[in-house]
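S.K.:
Numbering (this note's numbering), first residue to last: 20 to 335.
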């Protein structure tokens, strides 16, 4: 959604692939009314071929994914199918289009910090070895390496952005950050009295999502394709996130409102990640612009104004 808005602002004619109809699709159409929607699945090769032929794109951004790390263990086959196998199919279609038409199409692949898993170094750079700790991370690693392989083998202008956690009020409610901000809003308004979470000791490098979609666009405007870590270079724990969120509603001691649910723990947890965005800064001129506390505050303010939300557990 944010990427579509940015591209329209830049004067693009934008086509977007969506699966089925949902409230988010309706919101997308409201926010980007000029968007040409294609309804289908990235795994439908014939549909993608027709869409590519009709749109004749200059740039293709692949953000499609089974996006929940936590649920990826239960749906490992589907995660590999969507996050890896569908990507190689798309790359092959772009290669064939380039060979058939003589037109180079620039391609962006959404890679993830989850590929690093348990990293051997901190902060992580583009050269840090992958050690994924979830089916999601494994699939994203495969897609990243495939993108690199097609760039080197077929001279595709193919880039990957290794994006660290990027947040906004558009984040879906099942993600822990949005679960916290909707939960805090519910507690502050008297609609809930407790928030159940998993491991509070994890730390992440959280940035502002609109900054990160700008980085995607910048990659495809550069003269040479490459891979980039997109991050703030600063790490915060989930406890920090809770402190910032509850502070927005005037609660200093959040511990009495937060419980631990063992059922929310993952089989293999990624404890801490922080990225080094030096390459993106030097080559693309990219910088993160919104501090951590302000990101949290913007999300809480949005959820305070939005009313009842999904994902809040009451009682206990």
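The beta carbon of each residue, even a glycine, is placed where N, CA and C say it ideally should be.
Tell me, to the nearest whole angstrom, how far the beta carbon of residue 21 is from that of residue 187; I am working on the premise that it is less than 8 Å.
M.R.: The count along the chain shown starts at 1 and reaches residue 21 at position 2. The count along the chain shown starts at 1 and reaches residue 187 at position 168. Yes, they are in contact, since the Cβ atoms of residue 21 and residue 187 sit about 7 Å apart, within 8 Å.
S.K.: What residue range does the alpha helix (DSSP H) around residue 163 cover?
M.R.: Along the chain shown, read from residue 1 onward, the residue named residue 163 stands at position 144. It spans 154-173 - the alpha helix (DSSP H) in which residue 163 sits, taken as one unbroken run.
S.K.: Any chance you could list the alpha helix (DSSP H) runs of at least 4 consecutive residues sitting entirely within the region 237-315, in chain order?
M.R.: The region 237-315 contains these whole alpha helix (DSSP H) runs: 257-266.
S.K.: Name the DSSP bridge partner or partners of residue 215?
M.R.: As a position in the chain shown, residue 215 is number 196, starting the count at 1. For residue 215, which the question treats as bridged, DSSP gives the partners 278.
S.K.: Sorted by chain position, which residues of the same chain lie with C-beta nearer than 8 Å to residue 253's C-beta, five sequence neighbours on each side aside?
M.R.: Position 234 of the chain shown holds residue 253. Cβ neighbours of residue 253 beyond the five flanking positions: 224, 293 and 311.
S.K.: For the alpha helix (DSSP H) holding residue 70, just list the boundary residues, first then last.
M.R.: On the chain shown, position 51 is the one that residue 70 refers to. Its alpha helix (DSSP H) spans residues 64-74.
S.K.: Does the pairing of the region 225-235 with the region 201-212 give three or more beta-carbon distances under 8 Å?
M.R.: Contact fails: fewer than three Cβ-Cβ distances are below 8 Å.
S.K.: Apart from the five residues on each side of it in sequence, which residues of its chain come closer than 6 Å, Cβ to Cβ, to residue 150?
M.R.: Counted from its first residue, the chain shown places residue 150 at position 131. Cβ within range, chain order: 136 and 137.
S.K.: Return helix, strand or coil for residue 49, following the three-state DSSP convention.
M.R.: By one-based count along the chain shown, residue 49 stands at place 30. Correct three-state label for residue 49: helix.
S.K.: Any idea what DSSP makes of residue 220, helix, strand or coil?
M.R.: Sequence index remark: in the chain shown, residue 220 carries index 201 (1-based). Correct three-state label for residue 220: coil.
S.K.: Could you please give me the residues that DSSP links to residue 183 through a beta bridge?
M.R.: Position 164 of the chain shown, counted from the first residue, corresponds to residue 183. According to DSSP, which records beta bridges pairwise, residue 183 is partnered with nothing at all.
S.K.: Determine whether the beta carbon atoms of residue 15 and residue 125 lie at a separation below 8 Å.
M.R.: Beyond the ends of the chain as shown, which are 20 and 335, falls residue 15; an answer cannot be given.
S.K.: Would you tell me roughly how many angstroms separate the C-alpha atoms of residue 273 and residue 195, rounded to the nearest one?
M.R.: One-based indexing of the chain shown puts residue 273 at position 254. One-based indexing of the chain shown puts residue 195 at position 176. When rounded, the distance between both Cα atoms is 16 Å.
S.K.: DSSP three-state call for residue 148: helix, strand or coil?
M.R.: Stepping through the chain shown from its first residue, residue 148 is reached at position 129. Here residue 148 sits in coil by DSSP.
S.K.: Given this structure, state the Cα-to-Cα distance separating residue 325 from residue 72, to the nearest angstrom.
M.R.: In the chain shown, residue 325 corresponds to position 306, counting from 1. In the chain shown, residue 72 corresponds to position 53, counting from 1. Those two C-alpha atoms are separated by around 41 Å.
S.K.: Grab the span of the alpha helix (DSSP H) containing residue 96 for me, first residue to last.
M.R.: The count along the chain shown starts at 1 and reaches residue 96 at position 77. Element bounds for residue 96: 95-99.
S.K.: Using the C-alpha atoms, what's the distance from residue 109 back to residue 168?
M.R.: Locating residue 168 in the chain shown gives position 149, where the first residue counts as 1. Locating residue 109 in the chain shown gives position 90, where the first residue counts as 1. Distance between the alpha carbons of residue 168 and residue 109: 13 Å.
S.K.: Roughly how many angstroms lie between the CA atoms of residue 61 and residue 270, to the nearest whole one?
M.R.: On the chain shown, position 42 is the one that residue 61 refers to. On the chain shown, position 251 is the one that residue 270 refers to. Taking the straight line joining both Cα atoms gives about 44 Å.
S.K.: Taking three-plus beta-carbon pairs below 8 Å as touching, is the region 89-106 in contact with the region 157-165?
M.R.: The region 89-106 is in contact with the region 157-165.
S.K.: CB-CB under 8 Å to residue 33, same chain, minus the five flanking residues each way: which ones, in chain order?
M.R.: Counting from one through the chain shown, the residue named residue 33 turns up at place 14. These residues qualify, in order along the chain: 23, 26, 27, 51, 53, 54 and 55.
S.K.: Using the rule of at least 16 other Cβ atoms within 10 Å of the residue's Cβ for burial, across every protein chain shown, is residue 163 buried or exposed?
M.R.: For the purposes of this step, residue 163 is taken as the residue at position 144 of the chain shown. Buried, by the Cβ-count rule.
S.K.: Would you mind giving the Cβ-Cβ distance between residue 318 and residue 213, rounded to the nearest angstrom? I have them listed as a contact below 8 Å.
M.R.: Position 299 of the chain shown holds residue 318. Position 194 of the chain shown holds residue 213. The pair is not a contact, with the Cβ atoms about 20 Å apart (cut-off 8 Å).
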